[in-house]
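In this text, residue positions in the sequence shown follow the working numbering: the first is 1370, and each later residue adds one. Ideal Cβ placement from N, Cα and C applies to all residues, glycine included. Note that this is a predicted model, so its numbers are computed, not measured. The structure appears below as structure tokens.
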Amino acid sequence: MIFGRPNHGKIMNRAYVLTGGNMGDRSFYLQQAKTLINGNAGEIIATSSVYETAAWGKLDQPGFLNQVLLLHTALEPLPLLQQLLAIEIQMGRQRFEKMGPRTIDIDILFYNDVTLQSDELTIPHPHVGQRRFVLVPMNELAPELVHPIFKQTLAELLLCCPDQLPVTKFT
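The structure is reproduced here in structure tokens:
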């Protein structure tokens, strides 16, 4: 279920969202996610290139396609998360195992300069600084963005990222 189009009369917030998947027609799922996010969660104002990476964490599965989207949204963080989870369900996402294969995964990476920690949501995403498949597309869009907790730019975080999995542009 989609929770309705945001009220564009409100102040717009900037949210960076990561989309990714490794099942089925990966490119189709990324495009469908973009369409649904743009129609139901906010206006996409910038997109990174699409990148291909090996699976992270659980290695015995197909590689992923990932893309970062920058949204203007009237939704607050938790309603935005609810909307993104509803889009995942609408697209057939099923959660069988942690870090397992998926048609689509949509994560909030940053929301304005908010820091938030709750049972439902942590912003910034707690693993931003540890994953090249996040940092490479984020650096394409916002290399000078300062992580509100680490107090380093994303470009600096990428330079010292412990993850060495290759991240390549997907054609």
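Counting of Cβ neighbours within 10 angstroms places S1417 among the buried residues, the total reaching 16 or more. With a cutoff of 8 Å on beta-carbon distance, F1479 and I1492 are scored as near each other. Excluding sequence positions up to five before and after Q1401, its CB lies within less than 7 Å of the CB of M1460, all in the same chain and listed in chain order. At the C-beta level, G1390 and Y1398 come within 8 Å of one another. Shown here, L1439 sits in a strand according to DSSP, grouped into three states. With at least 16 other beta carbons inside 10 angstroms of its own, F1433 counts as buried.
Between T1472 and V1419, the alpha-carbon positions lie close to 15 Å from each other. Looking only at D1488, L1450, L1439 and T1388, the smallest Cα-Cα distance to D1474 is reached by T1388. In the structure shown, the three-state DSSP call for V1497 is helix. Annotated three-state conformation of A1384 is strand, per DSSP. Residues R1501 and L1504 of the same chain have their beta carbon placed closer than 6 Å to that of C1530, with the five preceding and five following residues left out of the count. The C-beta separation of M1381 from V1437 comes to about 18 Å, leaving the pair out of contact by the 8 Å criterion. By the 16-neighbour rule on beta-carbons within 10 angstroms, E1457 is buried. Put simply, the backbone Cα of L1523 is about 19 Å away from that of I1414.
Distance between Q1486 and P1495, taken at the CA atoms: about 9 Å.
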